[in-house]
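Following the working numbering, the numbering of the sequence shown begins with 2 at its first residue and continues without gaps.
Glycine included, every Cβ here is placed at the ideal spot set by N, Cα and C.
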Amino acid sequence: MTTIGVGLIGTGYMGKCHALAWTGVKAVFGDTPDIRLASLCDATPELAAKKAAEFGFLKSTADWRALIADPEIDVVSVTTPNHLHADMAIAALEAGKHVWCEKPMAPKYADAERMTAAARRSGKAAILGYNYIQNPAIRYIRKLLDEGKIGAVNHVRIEMDEDFLADPDQPHSWRSEAAAGYGALDDFAVHPLSLISTLFGRVESVFGDMAKPYPDRPHQGGRRAVETFDIATALLRLPGGISGAIHVNRCAWGRKGRIFVQIFGGRGMIAFDQERLNEVQIYLAEGRPEDQGFRVILMGPAHRPYDRFIVAPGHQLGFNDLKVIECRALIGRILGEETVAIDFDEGLAIERAVHAIAQAYREGRWVTV
Ligand SMILES: NC(=O)c1ccc[n+]([C@@H]2O[C@H](COP(=O)([O-])OP(=O)(O)OC[C@H]3O[C@@H](n4cnc5c(N)ncnc54)[C@H](O)[C@@H]3O)[C@@H](O)[C@H]2O)c1
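Next comes the structure, spelled out in C-alpha cells:
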C-alpha cells in the first residue's frame, strides 16, 4: 500500500482534529504510506466545499453515501453526532473501507453490536476516537504499573469534568437530545472507561447514578427540555479485585478539560491530569518518611512517541498530537501491525459497561457487565 485515500464525514470540532491528524501523520511518523485527502462531507454542499478548501481535501459532497462509495477512498473518518455513527460506519465497512469512528460507538447497544459485527465481517481496521489512551504519559503509567512500581494496585479513581454545559443558558444542542444517548455517561464516562480498559482490562461489575442539573435550555426563542443527564457517577469492580470509581460532569464550572486519574497501590500512587497532559506525578512510599513526596515527571523524547513530534524536551505535546498518534495507530492496524487502540470489539465492551451503569442507576443495584 503506497497511498491511503481518506474520506472525512463531519467537519465540526472533531472533524477538524481528524483532518489535522491526517495532514500531519506522515510528517510526524515518516513511516506511513502517502496520505491523500480525497473527499469530505458535511450536511450542506456549501459547508462541505468551504471545509474542503480549508482542510485541503480534493473534493466535497453533502451526500455521505456518495463519499463512502468513492473508489478513491480507503479509510473513512466518522466525526458526526453519535446517532449517525452506526449507519455511516457500517456502510463504510460494507463498502470495504477502514473506519476511524468517534466515540461513543452509538447511543443504542444493538447499533454498537451491529457495528462490531460489520467490522468483524469486513476484516478491515475499525477503531474509535479514544485519544486520551494515546498520550505518552498514559503509556508511561502503564509501564510503571507493569513494572510494579507502586506495588499491587488496589484502587483507581477517575474524574472527567468540563464546563461547556455549566451555564444553564447554554443553548440546546444535539448533546442534550435523547438521540445522543444518556449524556455525560456515554459522552464523558467512556473516556475514563477507555483508560481503565487500557491500564487494567475490562470492567466486571458496576453501580451507577446520573443527574440532570438543568431541566431545560434556550431553544428557538423559548426553552426546550434537556433529555440527557449531564452528571454521572459509577462504582466499578475491576479485574484482580481492584476497586474503581468514575465521576463525570459536563456542567463543572472552572474545569476545562480535566481528566484526573489517581491510581493507588501498596507502595505508592500515580496521578495524572489531562489539563497538564505532559506530566505524570508519582509518589513512592520508600526511604525516610521526611523525604517522601510527589515527583513530577515531564514527558519528553524518552517517552515515545513524543520524540516523533519534536526532538527537544520541555516543549510538550497537545490534544491534537494525541489524534496524530491515534491516526498512526489506525494506519498500523491497516498495515497489520499490533498497535494500541480501542477497536470496535474493545469499544463494545466499553458500551456494555455504559449500559450496565445506566441499568444500575435505574434498578438501584450492582450490575454484572
Ligand atoms: N474524542 C474526543 O475527545 C471527542 C471530543 C469531542 C467530540 N467527540 C465526538 O465526536 C463526534 C462529533 O462531535 P463534535 O463535537 O465534533 O460535533 P460537531 O457538532 O462540532 O460536529 C458534527 C459535524 O457533523 C456534521 N453533520 C451532521 N449531520 C451530518 C450528515 N448527515 N452528514 C454529514 N455531516 C453531518 C455537522 O454539520 C458538523 O459539522 C461525537 O460523536 C462526539 O462524541 C469526541
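Integer-rounded CB distance, given that residue j should sit under 8 Å from residue i
| i | j | result |
| --- | --- | --- |
| Ile-151 | Arg-268 | 5 Å |
| Gln-263 | Ala-272 | 5 Å |
| Ile-343 | Ser-198 | 7 Å |
| Asp-35 | Thr-3 | 6 Å |
| Phe-295 | Gln-282 | 5 Å |
| Pro-193 | Ile-247 | 4 Å |
| Leu-21 | Asn-321 | 5 Å |
| Arg-259 | Gln-275 | 6 Å |
| Ile-207 | Ala-235 | One point to set straight first is that residue 207 is Val, not Ile, in the sequence displayed. So it is a contact: roughly 5 Å between Cβ atoms. |
| Ala-126 | Arg-334 | 4 Å |
| Pro-169 | Tyr-215 | 5 Å |
| Pro-314 | Pro-302 | 6 Å |
| Ala-179 | Glu-228 | 4 Å |
Burial state of residue i, where buried means 16 or more other Cβ atoms lie within 10 Å
| i | result |
| --- | --- |
| Ala-54 | exposed |
| Met-174 | In the sequence under discussion, the amino acid at residue 174 is Ser, which differs from the Met named in the question. When all chains shown are included, Ser-174 counts as exposed. |
| Glu-352 | buried |
| Asp-188 | buried |
| Val-312 | exposed |
| Tyr-141 | buried |
| Gly-8 | buried |
| Gly-31 | exposed |
| Val-297 | exposed |
| Gly-223 | exposed |
| Gly-288 | exposed |
| Pro-46 | exposed |
| Ala-153 | exposed |
| Lys-144 | exposed |
DSSP-derived helix/strand/coil call for residue i
| i | result |
| --- | --- |
| Phe-230 | strand |
| Cys-252 | coil |
| Val-325 | helix |
| Leu-239 | coil |
| Thr-117 | helix |
| Tyr-215 | coil |
| Val-23 | Sequence check: residue 23 is Trp here, not Val. Residue state, collapsed to three classes: helix. |
| Lys-109 | coil |
| Lys-17 | helix |
| Ile-283 | strand |
| Arg-305 | coil |
| Glu-95 | helix |
| Gln-263 | strand |
| Asn-83 | helix |
Residue i vs residue j beta-carbon contact at 8 Å
| i | j | result |
| --- | --- | --- |
| Arg-256 | Glu-163 | yes |
| Met-106 | Val-249 | no |
| Ala-233 | Asp-210 | yes |
| Ser-61 | Ile-10 | no |
| Asn-1 | Gly-182 | Residue 1 lies beyond the stretch modelled for the chain, which goes from 2 to 370, so this question has no answer here. |
| Ile-134 | Val-341 | yes |
| Gly-25 | Val-325 | yes |
| Glu-205 | Leu-349 | no |
| Thr-33 | Arg-329 | yes |
| Asp-231 | Ala-185 | yes |
| Ile-74 | Ser-123 | no |
| Phe-56 | Leu-85 | no |
| Glu-103 | Gly-130 | yes |
| Ala-87 | Val-100 | no |
Any C-beta of chain B under 8 Å from that of residue i
| i | result |
| --- | --- |
| Gln-171 | In summary, chain B is missing from the structure at hand, where a single protein chain is found. |
Residues whose Cβ lies closer than 6 Å to any heavy atom of ligand 1, in chain order: Chain-ordered list of matching residues: Ile-10, Gly-11, Thr-12, Gly-13, Tyr-14, Met-15, Gly-16, Cys-42, Asp-43, Ala-44, Trp-65, Thr-80, Thr-81, Pro-82, Asn-83, Leu-85, Glu-103, Lys-104, Gly-130, Asn-132, Asp-188.
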